[in-house]
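When we follow the numbering used here, the leftmost residue of the sequence shown carries the number 60, and every step to the right adds one.
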Amino acid sequence: MKLNRRRFLLGTALAGGALLVGYAASRPSRQSLANENHAAQGQTFLTTWLRIDPDNQVTVIVPHSEMGQGVLTSLPMMAADELDADWNLVRVEQAPVDDLFANGVLIKGFAASMGFSVPALLDRGMDALTLKAAEIMNMQITGGSSSVRFTGEMGMRTAGAAARQMLVRAAAEQWQVREDEIQVANSVISHPGSNRTATFGEMAALAATYEPPRSPVLKRPEQFTLMGRSLPRVDIPAKVDGTAQFGIDARPEGMLYAAVTTAPVFGGQLQRVENIDAVMQRRGVVRVVELEDAVAVVADNYWRASEALKQLVPHFTSTEHDQRSSADIFAEYDAALESGERNEDVAVGDASGALQSAASVVDASYRVPYLAHAAMEPMNCTVHFANGRCEVWTGTQDNLGIRGQVASAAGLDETEVTVHPFYLGGGFGRRLPTSTNTIIQATQIARQFDVPVQTLWSREEDTRHDYYRPAVASRFRAGFDNDGKLIAWENAYIGKNEPAEAAHIAYQIPNQKIDYVESPTHVPFGAWRSVAHSQHTFFLESFTDELAWQQQRDPLQFRLDYLSDKPRHQRVLREAASRAGWNTPPQAGRARGIALQESFGSIVAEVAEVSLTEAGEVKVEKVVCAIDCGRVVHPDNAASQVESGIIYGLTAALYGQITIEEGKVKESNFHDYPMLHLAQSPEIEVIILETEGAPVGGLGEPATPPIAAAVTNALYALTGQRVRELPLRHYQFLPTPEERGANRA
């Protein structure tokens with residue numbers, strides 16, 4: 060893995076004889092780094108740091124947020140493995156919110172090392188929001204399943220390997236022996252020939268006098284000692300004993316609390332507020348704050364603020380969208396797909412001509428609604444202005460991005476804003492700067508006080524003012540020749556995708572035409588777990604299933620037949636099908652469905668086994684998932700990520716729907732935007748596959764896209780009813796075998 064010439068490792072000595080190794084995008088003065096815990100002011104884009112202290116403790120500083128995905132364990136494992144450190148002597152720190160610890164440079168460096176431009180990462184599973192961060196550079200982005208793939212591979216491993224080589228060189232010089240005679244294991248350097256040993260800490264000061272190697276040698280997988288093991292996660296003890304701190308736990312001295320309500324129709328403005336005098340008489344209420352599009356009550360605790368807010372009578376301006384509904388939006392989508400301007404996504408062969416000459420043509424239309432993120436930790440942000448500076452306490456997927464957002468809203472320089480990072484109680488894209496308005500509101504409210512103010516959004520406020528997964532409609536046509544061979548694939552869908560390849564197909568079809576049509580709405584949207592893959596995999600794999608049934612082919616074999624040039628795809632399909640018992644009949648009253656997708660560098664196949672309740676409702680009995688993510692760093696954590704992705708996608712497939720009525724969101728809380736409960740969750744079997752030499756793939760998102768199609772394909776096998784629109788809670792399926800058979804016929 061070669062280093063780009065504009066991005067290189069650097070090392071320096073710290074006070075007390077410690078060694079510090081990190082990345083830089085421009086060469087700083089080594090003297091300016093001496094006796095500092097990070098680079099001097101003015102030196103930018105240092106990202107990954109690995110510190111070795113004289114007491115032999117190794118500290119790994121991680122520039123990503125921990126939101127349950129285990130990044131504070133997996134990334135340090137990668138650094139420590141290459142270093143050959145004793146895991147018991149490794150300590151983990153969250154990187155400070157400083158440009159010096161941005162991680163965008165590693166994403167950009169990955170692109171250079173692979174020989175293509177940053178935008179080309181779109182075709183390798185990186186979503187555009189993460190790429191935007193890479194372009195801007197001063198981001199600490201956690202999203203796009205990028206932490207292990209980019210920071211881990213390009214930063215942690217390389218820094219660890221470089222530090223190891225520096226320590227070996229130091230020992231060789233001090234002992235006057237050849238470097239290849241030295242061994243390293245468990246934070247100890249040894250020379251068997253002379254029976255001499257030293258700890259990392261004892262060699263750190265001398266090692267710090269060397270320039271790090273420009274191309275450190277990385278281990279081969281068979282040499283790993285930590286990677287590939289399920290080590291205890293470093294964040295779990297605190298989460299078990301209650302000492303873990305989330306954004307909502309911030310308690311700076313003298314803090315007040317704010318509850319807020321925003322214009323119900325997106326784009327509405329605050330006109331006036333009635334009943335302020337009465338609200339100000341309530342116990343604990345400090346002030347009513349009017350914003351451009353919202354009103355807030357600030358009090359000495361959140362309950363008093365939220366109860367007082369209910370007494371206010373805010374009036375908002377009308378908008379041109381006040382009468383719009385979900386039905387109107389989908390009608391506009393249909394009109395756009397019928398006669399709107401087509402934008403080319405994929406053009407292979409002559410799909411139009413092949414369809415005209417086809418022996419048979421199959422067409423279908425699909426659509427999915429808006430979805431909220433519904434993170435379990437309510438959205439929150441605590442802000443304090445004092446002495447011309449600003450402090451922020453919150454959990455976010457991009458600490459540097461939030462710092463910039465606060466600085467912009469407050470009219471401050473970014474250096475005048477300090478962000479204190481916390482654990483996240485769920486992110487899924489909601490806690491990216493591009494998917495939230497909460498930070499700006501919190502800043503605007505707190506600026507009117509000289510004490511800290513924690514703005515906490517109620518579940519209703521979060522549900523009705525999210526940045527939603529877009530509603531999408533998609534149309535398909537496919538053609539078969541006289542021999543039953545699929546010769547043409549045509550698809551038109553609403554909205555340009557992020558990532559761009561989400562609507563692309565893996566199957567070998569000689570003639571393909573895939574287009575998108577723009578149809579803007581007033582509803583704000585943002586990144587949602589697996590972004591556009593979550594919609595399009597439902598569309599693509601449902602339609603593929605339709606084609607298999609139309610040809611009276613086994614859905615598994617049908618897919619395999621069109622993947623002869625993609626052995627990894629075939630492997631995950633076969634493995635998932637085999638473990639699910641695809642070729643054996645399921646229990647009476649059950650059926651299985653299968654779906655496939657590649658996203659974020661990983662290939663996933665899922666088999667869902669479903670049944671129906673007496674009321675004709677869907678029950679998912681079991682899901683078998685095979686995922687090829689190239690190489691696994693932490694197997695147990697990988698399986699947990701896959702299980703989490705399946706549950707998140709299954710919740711959306713069964714229940715998820717944000718409905719627009721009179722211009723605003725109808726749903727408000729978990730009673731009308733339900734989550735999958737533990738008792739409703741299926742048995743999940745995860746099969747982790749590795750492919751030697753393949754790039755490391757993502758794990759946080761790739762398991763989410765296939766589950767909806769796997770379930771609905773199983774429902775068709777069971778009932779003969781084809782589902783082309785989600786969620787499934789709106790369906791009542793035929794309850795008896797006789798009716799099901801008649802329906803399919």
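We put the beta carbon where it would ideally sit given N, CA and C, even for glycine.
- Between the alpha carbons of A221 and D158 lies a distance of about 23 Å.
- Counting along the chain, V770 sits inside the alpha helix (DSSP H) bounded by residues P765 to T778.
- Inside the stretch 519-543, DSSP marks whole beta strand (DSSP E) runs of 3 or more residues at positions 531-539, from first to last along the chain.
- CA-CA distance, M225 to S124, rounds to 29 Å.
- The three-state secondary structure of N696, taken from DSSP, is helix.
- The DSSP assignment places 410-416 as complete runs of the alpha helix (DSSP H) inside the stretch 406-444, in order along the chain (cut-off: 4 residues).
- With a threshold of 16 other beta carbon atoms within 10 Å, S593 meets it and is buried.
- DSSP places L226 in the helix class (H, G or I) of the three-state scheme.
- H789 sits in a helix when the DSSP states are folded into three classes.
- Around the beta-carbon of G75, fewer than 16 other beta-carbon atoms lie within 10 Å, marking it exposed.
- Here DSSP, grouped into helix, strand and coil, assigns N550 to strand.
- Residue burial is scored here from C-beta neighbours: L735 has at least 16 other C-beta atoms within 10 angstroms and is therefore classed as buried.
- Under the 10 Å beta carbon count, P251 is surrounded by fewer than 16 other beta carbons and is classified as exposed.
- 8 Å or more divides the Cβ of G488 from the Cβ of E436.
- Across the structure, V576 and L396 are spaced so that their CA atoms are roughly 6 Å apart.
- As computed with DSSP, R110 is found in a beta bridge with L79 and T118.
- DSSP, reduced to helix, strand and coil, places H250 within a strand of the structure shown.
- For the pair L109 and G211, the CB atoms are not nearer than the 8 Å cut-off.
- Per DSSP, S658 is not a residue of any alpha helix (DSSP H); the beta strand (DSSP E) it occupies stretches across R649 to S658.
- The alpha-carbon separation between P122 and R690 amounts to approximately 22 Å.
- By the Cβ rule, the stretch 538-549 counts as touching the stretch 560-568, because three or more pairs are nearer than 8 Å.
- In this chain, S274 is not harboured by any beta strand (DSSP E), its DSSP state being neither H nor E.
- In this structure, Y361 lies away from A431, with their beta-carbon atoms at least 8 Å apart.
- Annotation for N458: V156, Q199, V478 and P480 place their beta carbon closer than 6 Å to its own, counting only its chain and skipping 5 residues before and after.
- Contact annotation: G463 and R490 have beta-carbon atoms that are not nearer than 8 Å.
- As the crow flies, the alpha-carbon of P323 is around 55 Å from that of A144.
- In the three-state scheme derived from DSSP, where H, G and I count as helix and E and B as strand, L713 is classed as helix.
- As computed with DSSP, W608 is found in no beta bridge at all.
- By the 16-neighbour rule on beta-carbons within 10 angstroms, P626 is exposed.
- By DSSP's assignment, C684 forms a beta bridge with E665 and V745.
- Pairing E668 with E676 gives a Cβ-Cβ distance that is not under 8 Å.
- Just so you know, the alpha carbons of A607 and L737 end up roughly 34 Å apart.
- Residues A353, V354, L368, P373 and E520 of the same chain have their beta carbon placed closer than 7 Å to that of T320, with the five preceding and five following residues left out of the count.
- If you look at F259, you'll find it in the alpha helix (DSSP H) that goes F259 to A266.
- DSSP links H374 through a beta bridge to R331.
- For W641, the CB contacts under 7 Å within the same chain, skipping 5 residues up- and downstream, are L615, R651 and V666 in chain order.
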